[in-house]
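Reading through the structure tokens given below for one structure.
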Amino acid sequence: MAESVYKIIELVGTSTESWEKAANAAVDRASQSLRDLRIAEISQLDMHLKDGKVEAYRAKIKVSFKYEDGD
59 MAESVYKIIE LVGTSTESWE KAANAAVDRA SQSLRDLRIA EISQLDMHLK DGKVEAYRAK
119 IKVSFKYEDG D
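Per our numbering, the very first residue in the sequence shown carries number 59; after that it's consecutive.
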């Protein structure tokens, strides 16, 4: 098996409905410009509040993708 190298980036997705939809939004957007996504790990969940009420759910995720060989 050949050795592999992966890059990890951190993204924040938002949703007015749920943390799951916030995380999905981040992955969906990343998949539009990155190829060969491998793993997405949720590292933090929080909420944006306005006037004491939840305005948006936020999911901070780490996404990894494999570096391609230049051959």
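The beta-carbon is built from N, C-alpha and C at its ideal position, and this holds for glycine as well. None of these values were measured; they are calculated from a predicted model.
Terminal residues of the alpha helix (DSSP H) in which residue i lies
i	result
A83	77 to 91
When the options are compared against residue i, the one with the closest alpha-carbon
i	options	result
A160	A60, I67, E61, E75	Because the chain is modelled from 59 through 129, residue 160 falls outside the range shown and cannot be assessed.
K124	S89, K111, A83	S89
V63	R96, G110, K120	R96
S122	E61, A98, K108, V85	A98
K65	R93, D86, R87	R93
6 Å CB neighbourhood of residue i in its chain, flanking five on each side removed
i	result
M105	V112, Y115
K118	V70, S101, Q102
E68	K120
Own chain partners of residue i with C-beta closer than 7 Å, once the 5 adjacent residues on each side are dropped
i	result
S73	K79, A80, A83, A114, Y115
Element boundaries [beta strand (DSSP E), containing residue i]
i	result
Y64	64 to 73
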